[in-house]
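Notes follow the structure.
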Amino acid sequence: VLDVKLKYIEKYILARQNAASYYDKNLKNIHGLAIPSRKNFSTHTFHQYTFQTEKRDLLQVFLKDKGIPSMIYYPMPLHLQKAYKFLGHYPGDYPVSEKLSETVLSLPMHTELNEKQLEYITESITCFFEKS
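Under our numbering, the first residue of the sequence shown carries the number 3, and numbering increases by one thereafter.
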């Protein structure tokens, strides 16, 4: 299966990059939401489209009620996970990681996202921030 899919990898990456560009364009001016940064000297495959907001949990519920899936892939920073307890780290040792684990949310991201779906997602997010 992967051998077949690898033939289309560039097409899949381009589809994800186009979806991410749509998200960027339509979410960049929302106060209280920080979209992923980009660097001119590199590219991104956008396996995930993850942004930051202090209103993450409320937004996630709002999106779920509108039928829009979203994910919190990293709800706990590595240094606080049980597997790494032996290293002796405590809350506050890595404040940036801890803050990100409380504020990041990932939107739907796949190669079959169409403009109508992207529009519905971004308009829903815009509506949430206008009301809150």
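Glycine included, each C-beta is placed from N, C-alpha and C at the ideal position.
Query: Beta-carbon spacing of Ser103, Tyr76 below 7 Å; Result: yes
Query: Local Cβ density within 10 Å of Val106, reported as buried at 16 or more and exposed below that; Result: buried
Query: DSSP beta-bridge partners of Met73; Result: Ser108
Query: Under 7 Å between C-beta atoms of Gly34 and Phe130; Result: no
Query: Buried/exposed call for Ser72, threshold 16 Cβ in 10 Å; Result: buried
Query: Boundaries (first-last residue) of the beta strand (DSSP E) holding Phe53; Result: 51-54
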